Amino acid sequence: MGPVLADNSIYRDVYSFFVGFMPHQLWWLAYLIAGLTIMVLLANAVLLNTAVFQWMERRLLGRFQVRFGPNRVGPFGLLQPFADLLKLLLKEDIVPEAADRFLFTLAPAVMAAPVFLVLAVVPFGKNSYLLDLNIGLLYIIAVGTLSTMVLFLAGWGSGNRYALFGATRAVAQLISYEVPMVLSLVGVLLLAGSLSLVQIVEAQRLPFLLLQPLGFFIFAVASIAEMNRGPFDLVEAESEIVAGYHTEYSGIRFGLLQLGEYAAASVPAAVIATVFLRGWANPFVPLGWPDVLPSHLWFFLKVFLVLFLFIWVRATVPRLRIDQVMGFAWKFLLPLALVNIFVTAIEVQLWRQPTTAQLWAMVLVNWVVAAVAVGGLSRAMERHRRRPTASVAPVPISVEVR
Amino acid sequence: METARRLEPVEINVNMGPQHPSTHGVFRMVLWVDGERIVQVEPYIGYLHRGTEKLCEGELYPQIITLFDRLDYLANFNNELCFCMAAEKLMGLEVPERAQYVRVVLCELNRVASHLMFYGALGLDAGAMTPVMYAFREREHIQRAFEAVSGARMMHNYFRIGGLKEDVPAGFKEMVRDLLPGLEQGISECDRLLSLNEAFLARTRGVGAISAQEAVEYALSGPMLRAAGVPYDLRAVEPYSLYDRFDFDIPVGTQGDCWDRYMVRVEEMRQSLRIVRQALEQMPDEGPVMAAGVRRMPRPPKGESYMRTENPRGEFGVYLVSDGSERPYRVKIRAPSFASVQALPRLLRDCYVADCVVVLGSLDIVLGDVDR
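Protein chains in written order, with this note's numbering: chain X, 96 to 497; chain G, 140 to 511.
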């Protein structure tokens, strides 16, 4: 018996299902088969989730932009991602002459790997996780970084200057945003006292969104930047560098890159749902409502709520410039993250075992601190950027002859 | 002695265009970049050169109007107007009032349509994907009105030397009047959507700025010049057609940066609608739309004339030389976009790669106008 079985109900259930069919001395085979089954299930769940997310994004962007979005293939256009995939499969696969063939073909293949690795430790529901890793959060951050390496592989291997631009931007952005991202989670660690995602969920008597507004804000922004979505989608800024790192890709390789990118978007969403929104827990149970829906459904509802937030931001905000993106990480998010750690540390030191009233006091203090810090810092930054005079005022006709 | 290996910065040469998502047509820029900084820019034009000036020498006067439609294809009416007025000036024609009013209404609506296009395109260049949809929703209303009047959405061929091809359809006034409140609201919506967006401000303020002095020296005109702080608008400075009868303001910027150029155009849309409203009020309901005694194949007398009008992109000029035949001897076109492109290397000094598309977008060039 492996250590995984001891506390893992999914794995234990599947294992006991398979072990019933075989002689007792083949328990290790059942152990393997159970693992493989769960992997296949998880992989398909991720792909399905990605397809739904892609459809949702296109439909919602349509709504934001006074148009319809895909609505022809299947009911409400739900089959559009599959139709697109089929089309891409039929396209010619071109490897440009200037490309480094090995890197160029490697990149799409490994694109989705980090996503699957990360999801191994995310609890989808009550007792539904593959592994309750005791360094779960650290593991997620470390493995999630790999996707940027893939972008660099693709950009460097393409032998295209636009792609190279995209690749260098991806790395620069990763290095800058990794710092505030990790620091924003320190407050959560202080409160939960654990890096395990399961324990973090269980430690949330109040969702950490209330207790850690600054941490949530910083983590959300930094993860948008890290998965290269608007307004931080400099890596594939179509108006500047055509398509960035995947300029040279075509056919199913392009499809795989897109797939990996969309799948990667659900990772930070899952982490936010787990760490800040109490994961699988039903938010209405403390209010005395009946707990009807399964915990998995709550988890996915929360994930898609976060994804909706990402889509909303993308539809609203123009793309920032590279120096502004860097400056935002180092001059804005990093100080905020430090303020958050400082305040949370003091609170944790003051109230070792907080009562509910003390928790609410903490909520109040943290929201005030967040408002003051964000407001003050953005005003301080504005002073450098804004000009004192109003730029345009309609003036009466006057003729100036030079 | 062992020499330490040093990493030398390398300037990369990036070819932007002629096929690029945001060069607004077949325009090519060669950028020399040091990391993300632009060291040098070289614009290349001519990919859309159709030799319009030379073609004009071989065509009859009514046929030339179709060529002018294809110059600045976002401001067809304004182009037609300028050529027709150049010929009318040479022939000494008095265009009937009703025709003049219709011309003004259509030209100003075309200015709004063109600026809406600019608005959406600049948003896209800055990476905002939503504004363009709102802009096109409004533009569509104008396009429909154009279609109702001229039968075409783009290449109208509606103005004639001496007037109009035919009278506007019945109910023209009401149609345009009903259009205006929706347009005004739509423009306000667009304004609220993008103008004061923090990220948009960060991308456009202080980017690609040019002083009034330099703008004049580069022969910039139209919104480019006014954004730099020179209140110069041909409609006011030397009113042609009926522009002396309308009351309108000239929006002027102070910094000459991308945001000013953007804001000037947004304000101009409102002013254009003001002009349309006044023109509709003053427009006579009846009357001829063609000057009396103009032949179907006009033959301007021997001589030359120069006419310049305020196009959405700036000062559009036509120099017409006639030898008395049914074909012009020479036509020279002064295109506003052409002058704007000239200033591009100057505007992109010390900019980032990302700025280059925003600055280009703020010039609002139309390649048909640049290359002619």
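Ideal Cβ positions, reconstructed from N, Cα and C, are used throughout, including at glycine. Because the structure is a prediction, the values reported are computed rather than measured.
Residue 238(G) sits away from residue 258(G), with the two beta carbons spaced by 7 Å or more. Rounded to the nearest angstrom, the gap between the Cα atoms of residue 189(X) and residue 346(X) is 8 Å. Along the stretch 317 to 338 of chain X, going in chain order, the ones with a CB nearer than 8 Å to a CB of chain G are 325, 326, 328, 329, 332, 333, 334, 335, 336, 337. In the three-state reduction of the DSSP assignment, residue 344(G) falls in the coil class, being assigned neither a helical nor a strand state. Residue-level contact by beta carbon holds for residue 413(X) and chain G, with a gap shorter than 7 Å. Residue state for residue 323(G) is assigned as helix, using DSSP reduced to three classes. At least one CB atom of chain G sits nearer than 7 Å to the CB of residue 159(X). Looking at the backbone, the Cα of residue 184(X) and that of residue 257(X) are separated by about 25 Å.
Shown in chain order are the members of the stretch 141 to 171 of chain G whose Cβ falls below 7 Å from a Cβ of chain X: 151, 153, 159, 160, 161. Among the residues facing chain X, residue 491(G) is included, as its CB has a counterpart in that chain under 7 Å away.
One thing to note: residue 431(X) has its Cβ no nearer than 7 Å to the Cβ of residue 148(X).
In this structure, residue 411(G) and residue 247(G) form a Cβ contact; the two beta carbons are roughly 4 Å apart against a cut-off of 8 Å. Put simply, the CB of residue 342(G) is near chain X, with a gap under 7 Å to one of its CB atoms.
Using beta-carbon distances, residue 256(G) does not count as an interface residue toward chain X, since no partner is under 7 Å. Its Cα nearest to that of residue 240(X), the residue 320(X) stands out among 219(X), 320(X), 254(X). With contacts defined by Cβ atoms closer than 7 Å, residue 266(X) and residue 326(X) do not form a contacting pair.
Its Cα nearest to that of residue 171(G), the residue 495(G) stands out among 509(G), 495(G), 510(G). Contact with chain X is absent for residue 205(G), since none of that chain's Cβ atoms lies less than 7 Å from the residue's Cβ. Between residue 295(G) and residue 289(G) the beta-carbon gap is near 4 Å, inside 8 Å, which marks them as a contact.
Counting C-beta pairs closer than 8 Å gives fewer than three between the stretch 186 to 206 of chain X and the stretch 302 to 309 of chain G, which falls short of the contact rule. Interface criterion not met: the Cβ of residue 238(G) is under 7 Å from no Cβ in chain X. Contact fails between the stretch 320 to 336 of chain G and the stretch 210 to 225 of chain G, because fewer than three Cβ pairs, one in each stretch, are under 8 Å apart.
Near chain X, meaning a CB-to-CB distance below 9 Å, the residues of the stretch 245 to 271 of chain G are 262, 263, 264, 265, 266, 267, 268, 269, 270, 271.
Counted as a single uninterrupted DSSP element, the beta strand (DSSP E) harbouring residue 171(G) occupies residues 167 to 173.
Per DSSP, residue 394(G) lies in no alpha helix (DSSP H) and is assigned neither H nor E. Contact between residue 235(X) and residue 141(X) is absent: CB atoms are separated by about 15 Å, not below the 8 Å threshold. Counted as a single uninterrupted DSSP element, the alpha helix (DSSP H) harbouring residue 390(X) occupies residues 390 to 411. About 6 Å separates the Cβ atoms of residue 423(G) and residue 236(G), confirming a contact at the 8 Å cut-off. Within chain X, not a single residue places a beta-carbon under 7 Å from that of residue 488(G); the smallest gap is close to 16 Å. At a cut-off of 7 Å between beta-carbon atoms, residue 385(G) makes no contact with chain X. Closest in alpha carbon position to residue 158(G), among 151(G), 179(G), 181(G), 186(G), is 186(G).
With contacts defined as CB atoms closer than 7 Å, residue 322(X) and residue 360(X) qualify as a contacting pair. Contact of residue 496(G) with chain X by beta-carbon distance below 7 Å involves 334, 335. Under the three-state reduction of DSSP output, residue 228(X) falls in the coil class, being neither helix nor strand.
Residues of the stretch 326 to 341 of chain G that bring their beta carbon within less than 7 Å of a beta carbon in chain X comprise 336, 338, 339, 341, in sequence order. Residue 410(X) belongs to the set of residues whose beta carbon lies under 7 Å from a beta carbon in chain G.
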